[in-house]
Structure formats: structure tokens, C-alpha cells
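Written below as C-alpha cells is the structure these notes are about.
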Amino acid sequence: MKPNILHLFKTSYPSISGYTVRSHSILTKQKLFCSPIALVDPYFIKKTRPDIIEGNIYYRYPPDLKLRLYNKDFLSQIPILERFSQILYLNLLKTPMSLLRSIVKHRKIDLIHGHTYARFSNFGEKVAREAKIPFIYEVRGFWEDSRVGVDRLKEFGYQYMKIRRSETNLMKKADALITLGKNMKKEIVSRGFDEKKVIVIPNGVDTEKFKPIAPDLNLKERLKLKNKKIIAYIGSIQKIEGIEVLIHAIAQVKKKFKEIVLLLIGSSFKDYKKELIDLSKKLGTESSVHFIGRIQRDFIRNYYSIVDIIVIPRKNT
1 MKPNILHLFK
11 TSYPSISGYT
21 VRSHSILTKQ
31 KLFCSPIALV
41 DPYFIKKTRP
51 DIIEGNIYYR
61 YPPDLKLRLY
71 NKDFLSQIPI
81 LERFSQILYL
91 NLLKTPMSLL
101 RSIVKHRKID
111 LIHGHTYARF
121 SNFGEKVARE
131 AKIPFIYEVR
141 GFWEDSRVGV
151 DRLKEFGYQY
161 MKIRRSETNL
171 MKKADALITL
181 GKNMKKEIVS
191 RGFDEKKVIV
201 IPNGVDTEKF
211 KPIAPDLNLK
221 ERLKLKNKKI
231 IAYIGSIQKI
241 EGIEVLIHAI
251 AQVKKKFKEI
261 VLLLIGSSFK
271 DYKKELIDLS
281 KKLGTESSVH
291 FIGRIQRDFI
301 RNYYSIVDII
311 VIPRKNT
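Numbering (UniProt numbering), first residue to last: 1 to 317.
Laid out in C-alpha cells, this is it:
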């Protein structure tokens, strides 16, 4: 009999991001040797019934007024109350915790697999201990550093250290850890975790969906880029990705290669996009920097087919 695995995700399909694509792919591929299902953070989609997307089951939390009130983040604006926010969070989640326990019991879950971040996955660890089943934690990023990268936290500030402690504590409680690369494993081990229990599983590419194709000349024509050399970034356009570095680089490259253009493909945060547009105008590259926006996932390879160079300028956070 195949083991039953419960995954705990911060977000999921139908939202498209690197996080959700990896999550969905895990569920899809694991069905070859186990029976995986997912429960998604109560702050995401709220529904009384699970979603079934491409055969993968995503359980949702039902609407809950208490969680909606907590999610307004008003506590963080009041220092005295902020100290008690975790206690309040635990109390508010008493009802949602019962859903987690119910799924574990009725679906006969054999293992709980939490994924960054710790605030939600912590509850998976607690329920796993109650049920006497293993708990795995997948570290997809260091949450405190990610928030510094998008200017949400000050490095080594109070909130930064609070998140770091929470993440580290959960890592130490897990029976095993999964992470995305060797440097991430090194950081985890430096926090006191046994390196033999840290497994590296990098992000992958679905080679069935992303097979090389001939350049889509119609697309190039439609974008009016027929005789251009194309540099592109494909992904979420947010501060942590360092797109401003790429725009500065384009300004330098264009001094020698006039036919260069930059395509920025993906959804963007409104304020950050404005910063990038203003920077392009300041550097005189606005006619060479094209914001394509989000495109359908099935059409991404068409853009890859016309690009000469893909650049990933992500900041070192």
C-alpha cells in the first residue's frame, strides 16, 4: 500500500509562482510512489471543499472571521500588543488546527511534509508528534533574508531575529530537512542541524513541457523586435530579484551595441515597476526596456525561443 503524505504549503495553484510550480510538481510526481495531498495556509484561498487541480488535491481552510481580523497585521503596528501576537495567533488557530488533525486522522496520513515558512508548518510538526508520525521540513529559502530583500525587514532587527529563531527551531525539530542547493545546506548545518539529515533537491525543469523549439518569428515580429538582440528576465519582478542592476547593465551595453533590448517577463509589484520605469527614463533606456507582464505558462517557451541571453540578476541576500 502506498504511504499517505500531507504537504503544508504557504500558497498554491491557481496562483502561479516558482513556489507553487515546485509544489504542484511534487504532488504530481509523488503520485508514482505514494498518495500525496496538500493543505494550504489559512491566509490563502478560503473554501469549504478542496480544489482538485490536474488531479492534485488541495485542501483549503473555511472562511474564519477571527483569522481575517488577525491577518490585518494591526498587531505589528502596536509594540505592546506585538509581543503577544504569537500567543494570539496560536489561540486563533485552535479551530483550524482541528482541520489539520482531522485530515491526518481520516486520510490516515503516514508523514507530514511542511514547506517554508515556519509559521504554518509549525502546526504540522505539532500534529505529527501527536500522531506519532514523521515530520519533514522543506527549506525553500531563508524567510528573514527574503523579507530583507524586498525591504520588509531590517537585517538583524527584532523581527528579523524573531523569524530566524522560529525557522531555526522548526528545522531542529524536524526528522529530516530538504533544501534547494549546497549553499543552503551549508547555512542549515551552521545552525546546528545534522548534515546527514539534510537532503538537497534542486528546482528542476519539466523537459516534456519545455522542449527546445524553433524561434517563434511571428512573436518576434509582433513585438517589433525583428532585427534586435534580445536579453530577457523571466520571473517575478520584485526587489529581491535585482532588476535595477540589469537595467543599469543594459544602459552600459547599449553604448556599444545599439540593437540590444531587454524584455522583462512576469508579474510585477506596482511600486517596484514604477521605480524601474523611472530608472529607465533616467538612464535613457526606456525605449529598450519592455515590460511584457505575466504570460500564460504554456507560452513561456515561445519567448525563450526568441531570446539570445537569459539573465538572473538576483541579489545576494
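The beta carbon of each residue, even a glycine, is placed where N, CA and C say it ideally should be.
{"Query": "Which value, in whole angstroms, describes the spacing of the CA atoms of K173 and G204?", "Result": "27 Å"}
{"Query": "Beta-carbon separation of V311 and I231 under 7 Å?", "Result": "yes"}
{"Query": "Going by CA-CA distance only, name the one from R60, P14, L246 and L177 that's closest to T116.", "Result": "L177"}
{"Query": "In its own chain, which residues sit with a C-beta less than 6 Å from the C-beta of V245, not counting the 5 before and 5 after it?", "Result": "P313"}
{"Query": "Taking the beta strand (DSSP E) that V261 falls in, what are its first and last residues?", "Result": "I260 to I265"}
{"Query": "When the Cβ atoms of the region 269-289 are set against those of the region 186-196, are three or more pairs found closer than 8 Å?", "Result": "no"}
{"Query": "Might you give, ordered along the chain, the residues of its own chain that have their beta carbon closer than 6 Å to the beta carbon of K274, omitting 5 neighbours on each side?", "Result": "none"}
{"Query": "With 16 other CB atoms within 10 Å as the buried threshold, where does K10 fall?", "Result": "buried"}
{"Query": "Count the other CB atoms within 10 Å of the CB of residue 384; is the residue buried (16 or more) or exposed (fewer)?", "Result": "Absent from the model: residue 384. The displayed extent of the chain is 1 to 317, so no value can be given."}
{"Query": "Using the Cβ count rule (16 or more neighbours within 10 Å means buried), how would you classify A214?", "Result": "exposed"}
{"Query": "Alpha carbon to alpha carbon, how far is A249 from V40?", "Result": "39 Å"}
{"Query": "Suppose the cutoff is 8 Å on Cβ atoms and the five residues either side in sequence are ignored; what does the same chain contact list for I26 look like?", "Result": "H7 and P36"}
{"Query": "Mind checking whether I237 and L262 have CB atoms under 7 Å apart?", "Result": "no"}
{"Query": "Quickly, what does DSSP pair E138 with across the bridge? List them, please.", "Result": "H115 and I178"}
{"Query": "Does DSSP put A214 in a helix, a strand or coil?", "Result": "coil"}
{"Query": "Helix, strand or coil for L246, going by three-state DSSP, please let me know.", "Result": "helix"}
{"Query": "For the candidate residues S98, K315 and I133, whose alpha-carbon lies nearest to that of E241?", "Result": "K315"}
{"Query": "Check this for me: beta carbons of I5 and H113, under 7 Å apart or not?", "Result": "yes"}
{"Query": "Please report the residue range of the beta strand (DSSP E) in which K29 lies.", "Result": "Careful: K29 lies outside any beta strand (DSSP E), inside the alpha helix (DSSP H) at G18 to Q30."}
{"Query": "Considering Cα atoms alone, identify which of A128, R164 and S268 is closest to K105.", "Result": "A128"}
{"Query": "Quick check: the Cα distance between G284 and A251, rounded to an integer number of angstroms?", "Result": "7 Å"}
{"Query": "Identify whether K224 lies in helix, strand or coil by the three-state DSSP scheme.", "Result": "coil"}
{"Query": "Within 10 angstroms of the Cβ of L32, are there 16 or more other Cβ atoms? Answer buried if so, exposed if not.", "Result": "exposed"}
{"Query": "Identify, in the order they occur along the chain, each residue of the same chain with its Cβ nearer than 8 Å to the Cβ of G18, setting aside the five sequence neighbours on each side.", "Result": "N203, G235 and S236"}
{"Query": "If distances are taken between C-alpha atoms only, which option among K132, S102, L111 and F142 comes closest to R119?", "Result": "F142"}
{"Query": "Which class does E280 belong to by DSSP, given the choice of helix, strand or coil?", "Result": "For clarity, residue 280 is Ser in the given sequence; the question names Glu instead. S280 falls in the helix class under three-state DSSP."}
{"Query": "Can you pull the DSSP bridge partners for K108?", "Result": "In the DSSP output, where bridge partners are listed per residue, K108 has none listed."}
{"Query": "What whole-angstrom Cβ distance do residue 334 and F44 have, given they're in contact under 8 Å?", "Result": "Given a span of 1 to 317 for the chain in the structure shown, any question on residue 334 remains unanswerable."}
{"Query": "Once the 5 residues before and after T179 are set aside, which same chain residues still bring their CB inside 8 Å of it?", "Result": "E138, V139, R140, K185, I188, V198, I199, V200 and I201"}
{"Query": "Quick one: measure Cβ to Cβ for M171 and F193, integer angstroms, because I've assumed they're closer than 8 Å.", "Result": "5 Å"}
{"Query": "So, using beta-carbon positions, are K46 and Y61 closer together than 7 Å?", "Result": "yes"}
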